[in-house]
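Colleague:
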Amino acid sequence: MELKQFKIKVLPLRDKLLNYARKMTDNPSDAEDAVQEVMLKLWNLRQKLEEYRSIEAVAMTMTHHLCMDMWRTRRPDNLPLEELQLSATTASPECLLEKKDEFRLMKEIIDCLPTLQRTIIRMKDIEEYETEEIAEITGCSAEAIRSNLSRGRKKIREIYLQTIQERKRRNEA
1 MELKQFKIKV LPLRDKLLNY ARKMTDNPSD AEDAVQEVML KLWNLRQKLE
51 EYRSIEAVAM TMTHHLCMDM WRTRRPDNLP LEELQLSATT ASPECLLEKK
101 DEFRLMKEII DCLPTLQRTI IRMKDIEEYE TEEIAEITGC SAEAIRSNLS
151 RGRKKIREIY LQTIQERKRR NEA
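Position 4, counted from 1, in the sequence shown is what full-length UniProt numbering calls 4; the numbers after and before it change by one each time, with no gaps.
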């Protein structure tokens with residue numbers, strides 16, 4: 001792909017990528033950095049872009065991964081208890097530990113799901129994508145998205161309730 005084709009096919013995606021990155025990062029400068037990095041990666045991959053069915057899907061996926069990496073470095077699970085306490089001065093240390101533990105548990109449960117279910121759950125429930133958008137990005141039908149979403153949520157609920165019951169039994173013993 002030459003510069004002219006790149007300008008026609010890839011550069012118009014920039015605004016959509018930027019809007020998505022802003023939603024994910026809640027920080028305009030981080031969003032701009034992520035999109036700039038995606039554009040650079042796409043430029044470096046320009047000779048292979050024609051092999052993909054959807055350049056937009058590739059660009060959105062790259063943006064998603066970069067934003068998730070940014071989020072992981074800043075997520076509450078990685079913050080020390082003191083920083084969590086400063087952000088919620090009215091909460092007790094016990095409450096903060098419980099929230100941190102719940103966050104970690106939910107992340108672990110979601111990470112145990114099959115890849116497609118995990119991806120769909122994250123896109124729908126965390127990143128707030130619409131079903132049609134997820135279908136376009138993943139290449140699945142809307143029905144398959146809804147089905148996987150339902151199965152994933154059911155599995156999360158089962159594992160969560162089972163874990164909570166096990167904790168209660170241990171605490172009572």
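For every residue, glycine included, the Cβ atom is placed at its ideal position computed from N, Cα and C.
These figures come from a predicted structure and were not determined experimentally.
Measuring CB atoms only, is the region 41-53 touching the region 25-32, in the sense that at least three cross pairs come out at less than 8 Å?
Modeller: As far as the Cβ criterion goes, the region 41-53 does not touch the region 25-32, which means the pair count is below three.
Colleague: Would I156 and I110 be called neighbours here (beta carbons separated by less than 8 Å)?
Modeller: As a first step, residue 156 is located in the sequence shown; it is residue number 156 there, counting from the start. As a first step, residue 110 is located in the sequence shown; it is residue number 110 there, counting from the start. In this structure, I110 lies closer than 8 Å to I156 by Cβ.
Colleague: What residue does the alpha helix (DSSP H) around V35 start on, and which one ends it?
Modeller: Taking the first residue of the sequence shown as 1, we reach residue 35 at position 35. Here the alpha helix (DSSP H) through V35 covers P28 to N44.
Colleague: In whole angstroms, give me the CA-to-CA distance for R22 and L96.
Modeller: As a first step, residue 22 must be located in the sequence shown, where it is residue number 22. As a first step, residue 96 must be located in the sequence shown, where it is residue number 96. One C-alpha to the other measures close to 27 Å.
Colleague: Could you check which residue in D69, K9, I8 and K48 has the C-alpha nearest to that of E37?
Modeller: Along the sequence shown, read from residue 1 onward, the residue named residue 37 stands at position 37. Residue D69 is the option with its Cα nearest to E37.
Colleague: Suppose you measure from the CA of Q5 to the CA of D30; what does that come to, to the nearest Å?
Modeller: Taking the first residue of the sequence shown as 1, we reach residue 5 at position 5. Taking the first residue of the sequence shown as 1, we reach residue 30 at position 30. Roughly 27 Å between the two C-alpha positions.
Colleague: Near E56, which residues of its chain fall below 6 Å by C-beta distance, leaving aside the five closest residues on each side in sequence?
Modeller: Taking the first residue of the sequence shown as 1, we reach residue 56 at position 56. L13, listed in sequence order.
Colleague: Helix or strand or just coil, what does DSSP make of S92?
Modeller: Residue numbering aside, residue 92 sits at position 92 when the sequence shown is read from its first letter. In the structure shown, S92 sits in coil (DSSP, three-state: anything other than H, G, I, E or B).
Colleague: Just mark L3 as buried or exposed, buried being the case when its beta carbon has 16 or more other beta carbons within 10 Å.
Modeller: On the sequence shown, residue 3 is found 3 positions in, with the first residue counted as 1. Classification of L3: exposed, given that the 10 Å Cβ count is below 16.
Colleague: Run the CB neighbour count on E8, radius 10 Å, all protein chains shown included, and call it buried at 16 or more, exposed below.
Modeller: What you label residue 8 is simply residue 8 of the sequence shown in a count that begins at 1. Strictly speaking, residue 8 in this sequence is Ile, with Glu absent from that position. Answer is exposed; the Cβ neighbour count stays below 16.
Colleague: My output table needs one value for R14: the three-state DSSP class, helix, strand or coil.
Modeller: Translated into positions along the sequence shown, residue 14 becomes position 14. R14 falls in the helix class under three-state DSSP.
Colleague: Between G139, L18, E133 and E94, which lies nearest to T63 when the distance is taken from Cα to Cα?
Modeller: One-based indexing of the sequence shown puts residue 63 at position 63. Checking every option, the nearest Cα to that of T63 belongs to L18.
Colleague: Might you give, ordered along the chain, the residues of its own chain that have their beta carbon closer than 6 Å to the beta carbon of E98, omitting 5 neighbours on each side?
Modeller: Stepping through the sequence shown from its first residue, residue 98 is reached at position 98. None.
Colleague: Straight-line CA distance for R104 to R46?
Modeller: Here the question's residue 104 lines up with position 104 in the sequence shown. Here the question's residue 46 lines up with position 46 in the sequence shown. So the two alpha carbons sit approximately 39 Å from each other.
Colleague: Given M123, which residues of its chain have a CB within under 6 Å of its CB, disregarding the five upstream and five downstream residues?
Modeller: One-based indexing of the sequence shown puts residue 123 at position 123. For M123, where only same-chain residues beyond five positions count, the Cβ hits under 6 Å are Y129 and I134.
Colleague: Buried or exposed for N148, going by 16 or more other Cβ atoms inside 10 Å?
Modeller: In the sequence shown, residue 148 corresponds to position 148, counting from 1. The residue is buried, with at least 16 neighbouring Cβ atoms inside 10 Å.
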